[in-house]
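Q: First the structure, which I've put down as structure tokens, then a few questions once you've had a look.
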Amino acid sequence: MESAGFESLLSSFLRSLEEMVDRRVEEKLNRMASPQKLNEGKEYYSLKEVSHITGITFLGLKGRQKRGTLKCVNEGNTVLVPKNELERILKLLSRQQK
1 MESAGFESLL
11 SSFLRSLEEM
21 VDRRVEEKLN
31 RMASPQKLNE
41 GKEYYSLKEV
51 SHITGITFLG
61 LKGRQKRGTL
71 KCVNEGNTVL
81 VPKNELERIL
91 KLLSRQQK
């Protein structure tokens with residue numbers, strides 16, 4: 001009797017987890033599909049801002065920076081991404097979705 005209750009609870013939990021993951025993935029895809037409005041007066045973006053705009057993780061961006069596939073500028077201890085590099089990344093991501 002107890003195993004039936006546990007199995008029911010487990011299947012309910014797994015179903016809720018799948019729904020939550022599906023919603024999160026859908027939100028991320030929608031954010032990537034919609035064109036991002038970039039601040040016209042802003043020339044450089046922090047890695048955190050680029051991560052939020054593109055949907056690429058912060059660590060993923062750091063890896064790209066270390067490999068040299070992401071052009072960055074160091075301002076003291078802060079890594080900044082030029083606006084034209086961010087636009088290039090957004091174009092690449094939009095092409096990958098098609």
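Here the sequence shown is numbered in our numbering, starting from 1 and rising by one per residue.
Yeah, the Cβ is synthetic: ideal placement off N, Cα and C, and Gly gets one too.
This one's a predicted model, so the numbers in the text were calculated from it and none came from an experiment.
1. With a threshold of 8 Å on Cβ separation, who are the neighbours of V50 within its own chain once the five nearest residues in sequence on each side are excluded?
2. What number of angstroms, rounded off, separates the C-alpha of A4 from the C-alpha of R67?
3. Give the single residue among K71, Q96, R15 and K91 whose Cα lies nearest to the Cα of Y44.
4. Would you kindly work out how many angstroms separate the C-alpha atoms of V73 and E26, rounded to a whole number?
5. Considering only the beta carbon of each residue, do L107 and T69 sit closer than 8 Å?
6. Can the beta-carbon of K42 be found closer than 8 Å to that of K83?
7. Mind reading off the beta-carbon distance from V79 to L47? Whole number of angstroms is fine, and I expect it under 8 Å.
8. Apart from the five residues on each side of it in sequence, which residues of its chain come closer than 8 Å, Cβ to Cβ, to K28?
9. Between which two residues does the alpha helix (DSSP H) containing E49 stretch?
A: Let me lay it out:
1. Stepping through the sequence shown from its first residue, residue 50 is reached at position 50. Scanning its chain for C-beta atoms nearer than 8 Å, with the 5 sequence neighbours on each side dropped, one finds around V50 the residues I56, L61, V81, L86 and I89, in chain order.
2. Numbered from 1 along the sequence shown, position 4 holds the residue referred to as residue 4. Numbered from 1 along the sequence shown, position 67 holds the residue referred to as residue 67. In this structure, the alpha-carbon of A4 lies about 52 Å from that of R67.
3. Taking the first residue of the sequence shown as position 1, residue 44 is located at position 44. It is K71.
4. Counted from its first residue, the sequence shown places residue 73 at position 73. Counted from its first residue, the sequence shown places residue 26 at position 26. Near 32 Å, if we compare the C-alpha coordinates of E26 and V73.
5. Outside the modelled stretch of the chain, which goes from 1 to 98, sits residue 107, for which no answer is possible.
6. The residue labelled residue 42 in the question sits at position 42 within the sequence shown. The residue labelled residue 83 in the question sits at position 83 within the sequence shown. Contact: yes.
7. For the purposes of this step, residue 79 is taken as residue 79 along the sequence shown, with counting starting at 1. For the purposes of this step, residue 47 is taken as residue 47 along the sequence shown, with counting starting at 1. With a Cβ gap of about 5 Å, V79 and L47 count as contacting.
8. Numbered from its first residue, the sequence shown carries residue 28 at position 28. Contacts found: G55.
9. For the purposes of this step, residue 49 is identified with residue 49 of the sequence shown, where counting begins at 1. Annotation: the continuous alpha helix (DSSP H) that includes E49 extends over L47 to T54.
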